[in-house]
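Letter 125 of the sequence shown, counting from 1, is numbered 291 in my numbering, and no numbers are missing. What follows is a single structure, written as structure tokens, with notes after it.
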Amino acid sequence: MAKVDWMTKGDRNSHFFYAKASGRRAHNRIVGLTDDNGTWKESKIDLVSIISTYFSSLFSYSDPNNQDFEKITKNVQGRSSEQKINCRAVSDLVNKGTGMGILIRDHGGTVLSSCSLFLDTGLDFVSSIAFAILKGVQFGKCCGLLPLCVESDSSMVVKLINLRNHSSSGCGNIVSDILTNMSDMGLSSISAGKKGSKKAAFALAYKALSRGNDLFWGGLRS
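Here's what the structure looks like:
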């Protein structure tokens, strides 16, 4: 019956239309949120603070703990030849999760270290790939991997970064962080790999998404 009413009255400038619109607005309104301490907040100032803090922490970078960092770095430090970092991501918008796969290879293609990273929010395709590249660049920076090549098989995101054409992009802040880290490391560009060439990194990304946590390995072979 409700659908019949909407078909006959819904699009007209009527009391029925405004009643439905007002009801939907009231239903979609955020009444309150729980902060990091588990306290329920309802004031506008508190809501703005909670939302701002959440998204700031979501897209910020924190170094791996010492144990994880050692797993990543023990096989890659002290090498003079160029290292290559492969980055890939897979996102689940329905269940709100994103997995990222990062592999560090030597010039011959041998995997020196790798990790699966999990983010508890679902990002769109471009943002998820950009975030994986950001993590790859940051790991390279932390490990002191120079000379270094960071590679992704998403030509769309690679062009977005290399052309610095990100101001109006939905992932503009992520790309800005990538460019800042690249500048600090003296990197001029991100390399574009052949489409589908990052199957190992994709598998790591899927593993993180399916398990819902971070995993670190060292000394793998290609």
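Positions of the beta carbon are idealized from the N, C-alpha and C atoms, including for glycine.
Of the residues assessed, D343 falls on the buried side of the cut-off, its CB having 16 or more other CB atoms within 10 angstroms. V316 sits in a strand when the DSSP states are folded into three classes. Boundaries for K307: no beta strand (DSSP E) harbours it, while the alpha helix (DSSP H) harbouring it runs 291–309, taken from the DSSP string. Distance between T276 and L285, taken at the CA atoms: about 27 Å. Contact check for S318 against G359 passes: the beta carbons are separated by less than 8 Å. Taking the Cα of C253 as reference, the smallest distance to any Cα among K262, T205, R271, H332 is reached at R271. The beta carbons of A371 and G265 sit about 4 Å from each other, so the pair counts as a contact at 8 Å.
Taking 8 Å as the upper bound for CB-CB distance, S357 and C309 are not in contact here, some 18 Å apart. Between V303 and V323 a beta carbon distance of about 13 Å is seen, past the 8 Å cut, so the two are scored as non-contacting. The continuous stretches of alpha helix (DSSP H) do not include G265, which lies in the beta strand (DSSP E) extending over residues 263–271.
Straight across, the Cα-Cα distance linking D350 with A255 is about 24 Å. When only Cα atoms are considered, L259 and G274 end up about 36 Å apart.
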